[in-house]
Structure formats: structure tokens, C-alpha cells
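Colleague: Got a structure for you, written out below as C-alpha cells; questions coming shortly.
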Amino acid sequence: MTTQTTAPKTPSAPTAGTAKGLIGIPAPLGRALATGGGVLTIVATFLAWTWTSAFPGDLTVYGYPGGLQILVLIGGALVTLLGLASYGVTPLAWLAPAGADAALKFATLATFATTWYTIIAISAQLGGVVNLEPGAYLAAAVTLAAFLGALALPFERPAPDPFDPDDTGWERFEHTTSQKWQTVKAAFSADSPRPVRTLPAWADILIIVAALAVALTVFTYGIGTEYDELFVGFLIIAGFGFTALHRSGLIIQISQITARHQSVTVFGAFLAAALFPFTQTDDQYATIGVYILIFATVALGLNIVVGLAGLLDLGYVAFLGVGAYAASLVSGSPSSPFDVHFPFWAAVLVGAAASLVFGVLIGAPTLRLRGDYLAIVTLGFGEIFRITANNLDGTSGPDLTNGSNGIAGIPDLEILGFDFGTQHDIAGFTIGRFANYFFLMLLITAVVVLVFRRSGDSRIGRAWVAIREDETAALAMGINGFRVKLIAFAVGASLAGLAGTVQAHVTYTVTPEQYLFAGTTPPNSAFLLAAVVLGGMGTIGGPLLGAALLFLIPNKLQFLGDYQLLAFGLALVLLMRFRPEGLIPNRRRQLEFHEEAEAPTVLGKTGA
Amino acid sequence: MNELPQQLVNGLLLGSMYGLVAIGYTMVYGIVQLINFAHGEIFMTGAFGALTVYVYILPDGTSMFLALPLMLIGAMIVAVTVAVGAERFAYRPLRGAPRLAPLITAIGLSLALQQAVWAWYPEAKSARTFPQIDGGPFHLGDVTLQTGDIFLFIAAPLSMAVLAYFVMKTRTGRGMQATAQDPDTAKLMGVNTDRIIVIAFALGAVFAAVGAVAYGFKYGQIDFRMGFILGLKAFTAAVLGGIGNIYGAMIGGIVLGIAETLATAYIADIPGLDQFGSQSWADVWAFILLILVLLLRPQGLLGERVADRA
Chain W
1 MTTQTTAPKT PSAPTAGTAK GLIGIPAPLG RALATGGGVL TIVATFLAWT
51 WTSAFPGDLT VYGYPGGLQI LVLIGGALVT LLGLASYGVT PLAWLAPAGA
101 DAALKFATLA TFATTWYTII AISAQLGGVV NLEPGAYLAA AVTLAAFLGA
151 LALPFERPAP DPFDPDDTGW ERFEHTTSQK WQTVKAAFSA DSPRPVRTLP
201 AWADILIIVA ALAVALTVFT YGIGTEYDEL FVGFLIIAGF GFTALHRSGL
251 IIQISQITAR HQSVTVFGAF LAAALFPFTQ TDDQYATIGV YILIFATVAL
301 GLNIVVGLAG LLDLGYVAFL GVGAYAASLV SGSPSSPFDV HFPFWAAVLV
351 GAAASLVFGV LIGAPTLRLR GDYLAIVTLG FGEIFRITAN NLDGTSGPDL
401 TNGSNGIAGI PDLEILGFDF GTQHDIAGFT IGRFANYFFL MLLITAVVVL
451 VFRRSGDSRI GRAWVAIRED ETAALAMGIN GFRVKLIAFA VGASLAGLAG
501 TVQAHVTYTV TPEQYLFAGT TPPNSAFLLA AVVLGGMGTI GGPLLGAALL
551 FLIPNKLQFL GDYQLLAFGL ALVLLMRFRP EGLIPNRRRQ LEFHEEAEAP
601 TVLGKTGA
Chain C
1001 MNELPQQLVN GLLLGSMYGL VAIGYTMVYG IVQLINFAHG EIFMTGAFGA
1051 LTVYVYILPD GTSMFLALPL MLIGAMIVAV TVAVGAERFA YRPLRGAPRL
1101 APLITAIGLS LALQQAVWAW YPEAKSARTF PQIDGGPFHL GDVTLQTGDI
1151 FLFIAAPLSM AVLAYFVMKT RTGRGMQATA QDPDTAKLMG VNTDRIIVIA
1201 FALGAVFAAV GAVAYGFKYG QIDFRMGFIL GLKAFTAAVL GGIGNIYGAM
1251 IGGIVLGIAE TLATAYIADI PGLDQFGSQS WADVWAFILL ILVLLLRPQG
1301 LLGERVADRA
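Protein sequences appear in the order of chains W and C. Per our numbering, residue 1 is the first one in the first sequence, and the count goes up by one each step. Per our numbering, residue 1001 is the first one in the second sequence, and the count goes up by one each step.
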């Protein structure tokens, strides 16, 4: 092998700092293309895209948009507004406190992707592009033009990084690829926004209310999407649209405002969630709502264990199962061997206490050891719980859980004379069975959020974080590691048990097969962990968002079917590789994962 | 007839299989302090590799004496490819990341592997029958040996001897020991640690493949889920023997196998526990054994070779 002595030629990339677009269209033309494309996109959504109503959503009408066109319309409006803001139109400056260029790129990408997805879906489903009407061609052309125009907008290029002359061909290839990827990333990144002006408190609260109203609308729309294509379109536009607003700095400003009024925000968020059943006309989507809440609450409980204390619990769903079984055994169900019917508050205590006992039994021997043991022991416990529940059927073991048939016929709850099993009319709205449970579950969620916030900010919560970050250092600082970890584990277990008691009543039946390590229906241990990781460890919003997404995606996208778990497993691997901090990153965690890249700027920020 | 020798032999056989898989866990753990949760699935893909060779590559009616080595090679090729691929594309980029990251990656990987086999391997949605070695059972006094067990009886000690020779005598093996003791110093001494890590993964996969073929002969059928519980047990065996210690893995496996067999055979005789003796409780007893070991002797039977640096 010969050693290369001459300095390798760096590719003729523009030097750092020069403002130049990703593609070679002059920037003013690009800006005009993007903004004009936005306007024309809006126009195109009012035209017919296909001639037959065989494609769902009725895209055949001239004069008003329908189905996926509405989503494209929203995208087009966003592009137009951001485009105008990037020209410096003063009344729109609030929209883009961090500059509109990067946001414009994402907005045009959102519109482009949704439109082209629609058109490809129409062509594929109806058999060929002959099914498209001129409106579709117009939409396709203008969204592409807008996207290309936005790509031409200038941005700061990263400094080129020369090769190591000793690199092999493969290493060199990797190097150039990562270099190019850095450039693309820089093209889509934005500066931090200007600080929020101090507004009067009522104005802040008004903004929070507006943001929550938007969030509720988006969420309700997502739950209510009736066919696969619309849900995919919704995910595309919501995902890229949110990123666009994040890049424009608007989301950051709103989160700064919410940080000023935390209690108002939390209260408002619960109020918004409580309004959800009132937006529905029947119980169909309230069912989805209550399952999402159960899933999200358990994920939030897991987040205390995994996100705050850094203990990997792979059998968390078993604690949910312990709570559910405990509650069902004392619920007066005919298949329960105990002939008792506890009131709900007592059942809740029994469920939470049973989970607590198991949490301590599992935690005490393992938490003294390295964290990896906990992972495997909890994984084993999750499996053993299921096997045991299967065996305690009277033939292969004592009769307790009725084996694989589970405990069936769990009666509906009745609290203070309020029967959860029947419909109620509240102020002209009909509230069905699942909506009743939705409210109860929301209360449990509130309890878990409260526990999470209060304990997270307390002395013990800070001890958890310290242990997670560096156990040796934390021990040296006088933290009783074992005790603190056991508390985290036990608290997490009893919160799951709490959620389990409600779950037992919602589903009528408790069977061992509901509590798998990995199955197609959440909650199960793998999905719970994924919800926490996807959403963002150590945050409240993260697991809630992650759980909603992970519940809705399999629920809405029936075509994924058999490949759902496969896609899920791969997604987990890719997520850890490329965005380990999740969708809503905890600030401290984000630093931890991107140490070398972001540390200096952040130090500067905290200093300011 | 005295049942005990038969139960002991059964336990020994079961335990050797656990031990073969446990080596993969313990070796990877000893070198990179990573629990490769996907190892159970590597074992599973190995079994399907062997099945592929027998059913789809070899002509029908090939003699077992010819087919067996080829099946073993097929199993090893598949398992090693999967393991090395996982190391290269999933674990290596995460080196130096916080502890949780590779664990979560491993879970995702293990799910993806299971589902990939389920979705794409022909007729793998239910259990597939594994070829059997002809010949009746052998009787040695009170002990009956099935033909399928003979393979395990020969392969397990042989593999162990080969591994011991490799780790103790070869240059690469000593490089592995050095990396396990102190990766940074080993690197300074000219050990290519990246290569050593890949070799650890590959070696683990080779033994898992042997275990997988043994599993197929022993139970007569394989399915896409076989790696999950077996992986869990094998990890238990590795902890039992002292994780990071390759002899411990084998001994831990044997102890676990014998304990499990004896538990299913004799626990029902203990007054008050008569309902807990059936095969369906075997996993529960193995798990309770793990908890007891962690409680009483967390460093394992032989002790950990690698000190806890965290």
C-alpha cells in the first residue's frame, strides 16, 4: 500500500459563509417562484383533480376543495404567508421571528409532498395518469416550482472539512456523504428567533388559548380522518408544517410564552382535552380517545422510570396488568374467584398497591446492580407475568386469573351515582360510555402529570436526573442511589397500576394476551418504550405525543397490516441512530446527544 | 426405575444449548459492555438458515451425514451475517452514546428480525418442521438418549474446547482478552479493537448457530419467536455464570438447564406446590432462579472477569 503524500483536492464547494442556494436559480427568482407557487396552489385546490368520485374525498368539484385538497390548501396558505413574510411584509413579521427562509423551504416541501402524494395515489388507485384533471397538473407543477424556488434561497454553508489523506476509498465516500448531508442540513436550519416582546398577561394567555385551540383542532381532525390517504396526507402536512413553524421561530416563541404561564398552559391543555368528547357526535372516536389516553398515561408513568431516573424497564406493561387484574378481581366480575365488589376508590388503591408491591419485589434485588440487569429482569418479569396469569386457571395452577380466558364481564363503574356505562346528556351534548371513561382517564392522566411535574422538580427528582447522568458522581455527592432508584421504580409501577384499574373497566375483559412484550395493539412494553423514546425522554409532552402517534398510525393505516411491527422495529433503530432525543427533546438530553455540535452556542445562551 | 439420571441428562442437554447461546451474550458484554438483546434473534435466524439449506438448497433425501455439516455452515453464514450487519450498522454508530440508546436499538432490531422472518420466510407464520436424524433412541442403563440429542452431546463440548483454544492460544483471542480488560490500552498496544468487536459478534453468532441447529433437532420444529424466550434464558445463564466469563456462560447454562429440569420434575412432589410442577411453570422457575442469583451472588458463579467500570 502506498502512502499518499500530496494534499488531496477538496471538491470545489463554495467556501463557508457565502450565501448561495442549494440549487442554482437566482435567489430573487426563487423567492418569487415560492410565493407565487403558494398562491397558485391555493387556486389549484379549487379546481377538479380527477373526473370520478371513486377516489375518496370527492376531488371532482370545481369551486371548492375537498378531502386531501383541503390539506393542500392549508399548505398553500402557509407557503403564501411565509413567502410574503420573507419579503418583509410588516403585518406578517410575527409569523417568522427567526426568518422565513428555512420555514419556507419546509412549507413548500409539505405542500409539494402532500400534492404529489395525492396525485400518485389517484393515479395508482384509478389506474393511470389519464384519471387526472387539469387542476391536478396545475397543482403538481406549481408545488414543484415553489419547492424548487424555495431551495434556491440562500443559506450559510458549513465550513468544508478536508480529507484525511490516509483514508480508504470507503472512508472517503463516507466523508463526502456526511459533508453533503451537513450542507443539506444547513440549508434547512434556521437561526434562533428574536426574543418575545413582553406582552400583557392577558395577551399571553390569549395566545396560549389560540395555540391550544389549534392543537385541539389538528388532533380532532387527525382522529377523525376517515380513510388511509387522508391520514397519510394529514401526517405529511402536519409533520412538515409543524417543522416549518418551528423553523420560523413561531413555535419557540409560543413555548417561551407558555413557559411564562405554566400552570395556565397545563390547565388549558386539560381543558382542551376535556372538550374533545364534545366535538364528537358519536362514541366512535371517543373510544380511540380513551385508548390513546390509557396508552399515553402509562407511557408518561414509564417516562418517570426511563426518562427521569434512566432505568430501562422492559416489562412495564406487566405493572399495568397487575393493576388491571387486581381491580378486576375485586370488581364483582362473575369470573373472579373473590365474591366482592369494591367501590372504585378502593379498587384503585388495591390496583396501585399490588403494582407497588411487585415493583418493589422486582426492583429491590436488581436496582443494587448495574442498570443492564434491570432491563433483563424486567423483560423477564413481563413475560413471567403473562405466563403466570395464563397458568393460574385452576388446572395448571391455583384458580385465580381464569387462565387464558381472562376475567370477563367486569361491570361498569359507578361513582357517586354516576353510571359510566350509560349515555348522559350534558348541556345538549350526548356523552357516551367511552366519553365517560375518557373524562375519568383524563383525571388519572392529570394525576400522573402532577406526580411527574412535582416529583421531577423536587429534591428526589433532581436526584433521579443526577443518577441518570452519572451514577458514580451522584453517589459521591451523597445521594442514596439504591433508595432513590427504588422510589422511581415503585412510583412508576404504582402509576401504571393506577391506569390499569381504569383500563380493566374500559375493556370489560382482562386477559393475559393484552400484556405482551410486543404486539400489534398498544399498549405493550415495546410500544410504551417507543412512545417515550419517540416523543422525548424526560418530558411531559413527549410521551403524550408519541403515544398518540403510535396509537393512531397503526389504527388508521390498515394497509401497513402485517408489516407494522417490522416497520416499528426498524423505526426504533433509525430513531436511535438519527434523532435519539425524540420529537420533543428535553433540553438537557439534547445537549447530551449532540455534545460536540451544540455545546458552545448553548453555553453562550445560558450566559446571556 | 430411577428417574434422576435421566432428568440430569435432560438438564445437561438443555443447559448446553443455553450455554451455547449464552457465549454470545457474555463475549459481547465482556468486550463492549453491551447487552445484545437481538442475540436471541440471531440464534433464530441461524435456525432458519439451516432449514433453508436442507429444504431449499439440498436435493430431497440427502443423507443426514452429508446434510448436517452443510446445514451447520448455512446456519453460521446467516447468523454471522446478521450479527456483523447489526454491529456495523446499528451498534457501532452508537458507541459512546448514552447507555439506553444501544439497548433500545437492540429491542428494535430484535423486533424487526422476528417480523422479517415472519413476513418473508416461506410459511414461517406458523412453526416449521425441522429435519430429524434417523435412528432409534439409545439406552444406557436408565438413561434414554434421542438421536437428535447426540448432536448436542458432541457439539457442545467440542465448541467449548475450540473456543477455549481460540481465546487462550491465538493472537486474536489474546487481543480479545486485552480489549475486554482495557480497550484504550489495548488500542495503544496495537490491537485493532474495531476488528475484535466484530469478531466477538461473529463468534457469538457461530455458537448461536450451533445451538440453533441443536434446538431444531431437539424440538423438531422452529418458529420466528423461538429466540425471545431462549435468548432470555441464555442471558440468565450468562448472568448465572458471571457475565463476561465465557466458561461461566457454559456452566451457568448447564446449572440453569438442570435446575429447570429438576424443578419441573420434582417441585410437584413438594407438599403445597403440587400444582406448580408442570412444564408451563418452567420459565417461571428459571426466572426466580435469576432473581435469587442476583440477590445472593450478583457477580455470578465464577465471578465477573471484567470489573464494573461504570
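By construction, the Cβ of each residue, glycine as well, lies at the ideal position given by its N, Cα and C atoms.
What are the residues of the stretch 444-457 of chain W that lie near chain C, defined by any Cβ-Cβ distance shorter than 7 angstroms?
Modeller: Here the close residues number zero.
Colleague: Near residue 1107 of chain C, which residues of its chain fall below 7 angstroms by C-beta distance, leaving aside the five closest residues on each side in sequence?
Modeller: Result list for residue 1107 of chain C: 1037, in chain order.
Colleague: Helix, strand or coil, according to DSSP, for residue 1159 of chain C in the structure here?
Modeller: In the structure shown, residue 1159 of chain C sits in a helix (DSSP, three-state: H, G or I).
Colleague: With 16 other CB atoms within 10 Å as the buried threshold, where does residue 4 of chain W fall?
Modeller: Here residue 4 of chain W scores only 47 on pLDDT, less than 50, and its place in the model is too uncertain to base an answer on.
Colleague: Can you give me, in chain order, the residues of the stretch 1270-1284 of chain C that have a beta carbon less than 8 angstroms from any beta carbon in chain W?
Modeller: Per Cβ criterion, the list reads 1275, 1276, 1278, 1280, 1281, 1283 and 1284.
Colleague: Below 8 angstroms between beta carbons is the criterion; list the residues of the stretch 1218-1233 of chain C that meet it against any residue of chain W, in chain order.
Modeller: Listed by position, the residues of the stretch 1218-1233 of chain C near chain W (Cβ gap below 8 angstroms) are 1228, 1229 and 1232.
Colleague: May I ask you to report which of helix, strand or coil DSSP gives residue 313 of chain W?
Modeller: The answer is coil: DSSP assigns residue 313 of chain W none of H, G, I, E or B.
Colleague: Taking CB distances under 7 angstroms as the criterion, tell me whether residue 1108 of chain C reaches chain W.
Modeller: With 7 angstroms as the cut-off, residue 1108 of chain C counts as an interface residue toward chain W.
Colleague: Any contact between the stretch 1215-1227 of chain C and the stretch 1040-1054 of chain C? By contact I mean 3 or more CB pairs, one from each, below 8 angstroms.
Modeller: Touching, yes, given that three or more Cβ pairs across the two stretches are closer than 8 angstroms.
Colleague: Residue 518 of chain W touches chain C at which residues, Cβ-Cβ below 7 angstroms?
Modeller: Within chain C, the residues near residue 518 of chain W are 1111.
Colleague: Can you tell me whether residue 414 of chain W is helix, strand or coil according to DSSP?
Modeller: Reduced to three states, the DSSP call for residue 414 of chain W is strand.
Colleague: Taking beta-carbon pairs under 8 angstroms, can you tell me which members of the stretch 371-403 of chain W lie near chain C?
Modeller: Residues 371, 372, 373, 375, 376, 377, 379, 380, 381, 383, 384, 387, 388, 390, 391, 396, 397 and 398.
Colleague: Counting only Cβ-Cβ distances shorter than 9 angstroms, please list the residues of the stretch 548-573 of chain W near chain C, keeping chain order.
Modeller: Per Cβ criterion, the list reads 562, 563, 564, 565, 566, 567, 568, 569, 570, 571, 572 and 573.
Colleague: So which residues on chain W does residue 1122 of chain C lean against when the C-beta distance must stay under 7 angstroms?
Modeller: Within chain W, no residue comes near residue 1122 of chain C; the closest Cβ sits about 15 angstroms away, beyond 7 angstroms.
Colleague: Is residue 506 of chain W helix, strand or coil by DSSP?
Modeller: Residue 506 of chain W falls in the helix class under three-state DSSP.
Colleague: Check whether the Cβ of residue 521 of chain W lies closer than 7 angstroms to any Cβ atom in chain C.
Modeller: Taking Cβ atoms only, chain C never reaches closer than 7 angstroms to residue 521 of chain W, which makes this a no.
Colleague: Looking at the structure shown, is residue 459 of chain W part of a helix, part of a strand, or coil, going by DSSP?
Modeller: Here residue 459 of chain W sits in helix by DSSP.
Colleague: The beta strand (DSSP E) spanning residue 205 of chain W covers which residue range?
Modeller: No beta strand (DSSP E) holds residue 205 of chain W; the alpha helix (DSSP H) holding it covers 201-224.
Colleague: Determine, for residue 1157 of chain C, whether the minimum Cβ-Cβ distance to residues of chain W falls below 7 angstroms.
Modeller: No, its Cβ sits nowhere closer than 7 angstroms to a Cβ of chain W.
Colleague: Does DSSP put residue 331 of chain W in a helix, a strand or coil?
Modeller: In the structure shown, residue 331 of chain W sits in a strand (DSSP, three-state: E or B).
Colleague: From the beta carbon of residue 599 of chain W, is the nearest beta carbon of chain C less than 7 angstroms away?
Modeller: Its pLDDT being 41, under 50, residue 599 of chain W is placed unreliably in this model, and the coordinates cannot settle the point.
Colleague: Could you name the residues of the stretch 526-540 of chain W whose beta carbon sits closer than 9 angstroms to any beta carbon of chain C, in the order they occur along the chain?
Modeller: Within the stretch 526-540 of chain W, the qualifying residues are 526, 529, 530, 533 and 537.
Colleague: Counting only C-beta atoms, is residue 576 of chain W closer than 7 angstroms to chain C at any point?
Modeller: Yes, its Cβ sits closer than 7 angstroms to a Cβ of chain C.
Colleague: Please tell me whether residue 1305 of chain C has its Cβ less than 7 angstroms away from any Cβ of chain W.
Modeller: Confidence at residue 1305 of chain C is low in this model, with a pLDDT of 49, below 50, so its placement is unreliable and the value that follows should be read with caution. Not an interface residue.
Colleague: One question on the structure: do residue 1243 of chain C and residue 1026 of chain C come within less than 7 angstroms of each other, judged by their Cβ atoms?
Modeller: Yes, the pair counts as a contact, with Cβ atoms nearer than the cut-off.
Colleague: With distances taken between CB atoms, is the gap from residue 298 of chain W to residue 136 of chain W smaller than 7 angstroms?
Modeller: It is not a contact, given that the beta carbons lie outside the stated cut-off.
Colleague: Three or more beta-carbon pairs under 8 angstroms between the stretch 358-365 of chain W and the stretch 476-488 of chain W, yes or no?
Modeller: As far as the Cβ criterion goes, the stretch 358-365 of chain W touches the stretch 476-488 of chain W, which means the pair count is three or higher.
Colleague: Chain W beta carbons: is any one of them nearer than 7 angstroms to that of residue 1103 of chain C?
Modeller: Closer than 7 angstroms to some Cβ of chain W, the Cβ of residue 1103 of chain C qualifies, so yes.
Colleague: Given that a residue counts as buried once 16 or more other Cβ atoms are within 10 Å of its Cβ, and exposed if not, what is residue 604 of chain W?
Modeller: Only weak support exists for where residue 604 of chain W lies, its pLDDT of 34 falling under 50; the coordinates are left without a value.
Colleague: Thinking C-beta only, is residue 1071 of chain C closer than 7 angstroms to residue 1047 of chain C?
Modeller: Their beta carbons are not under 7 angstroms apart, which means residue 1047 of chain C does not touch residue 1071 of chain C by this criterion.
Colleague: In three-state terms, what does DSSP make of residue 562 of chain W?
Modeller: In the structure shown, residue 562 of chain W sits in a helix (DSSP, three-state: H, G or I).
Colleague: Identify the continuous alpha helix (DSSP H) that holds residue 126 of chain W and give its terminal residues.
Modeller: Taken as a continuous stretch (DSSP letters only), the alpha helix (DSSP H) holding residue 126 of chain W covers 101-126.
Colleague: Based on Cα-Cα distance, which residue from W:270, W:345, W:467 and W:39 lies nearest to residue 540 of chain W?
Modeller: Taking only the C-alpha atoms, the option nearest residue 540 of chain W is W:270.
Colleague: Measuring CB atoms only, is the stretch 421-435 of chain W touching the stretch 283-290 of chain W, in the sense that at least three cross pairs come out at less than 8 angstroms?
Modeller: Touching, yes.
Colleague: Just the C-alpha distance for residue 608 of chain W and residue 189 of chain W, rounded to the nearest angstrom, thanks.
Modeller: With a pLDDT of 29 at residue 608 of chain W, under the threshold of 50, the predicted position of this residue should be treated as unreliable, though the coordinate-derived value follows. Looking at the two C-alpha atoms, the distance is approximately 22 angstroms.
Colleague: Can you tell me whether residue 1007 of chain C is helix, strand or coil according to DSSP?
Modeller: Three-state DSSP puts residue 1007 of chain C in a helix.
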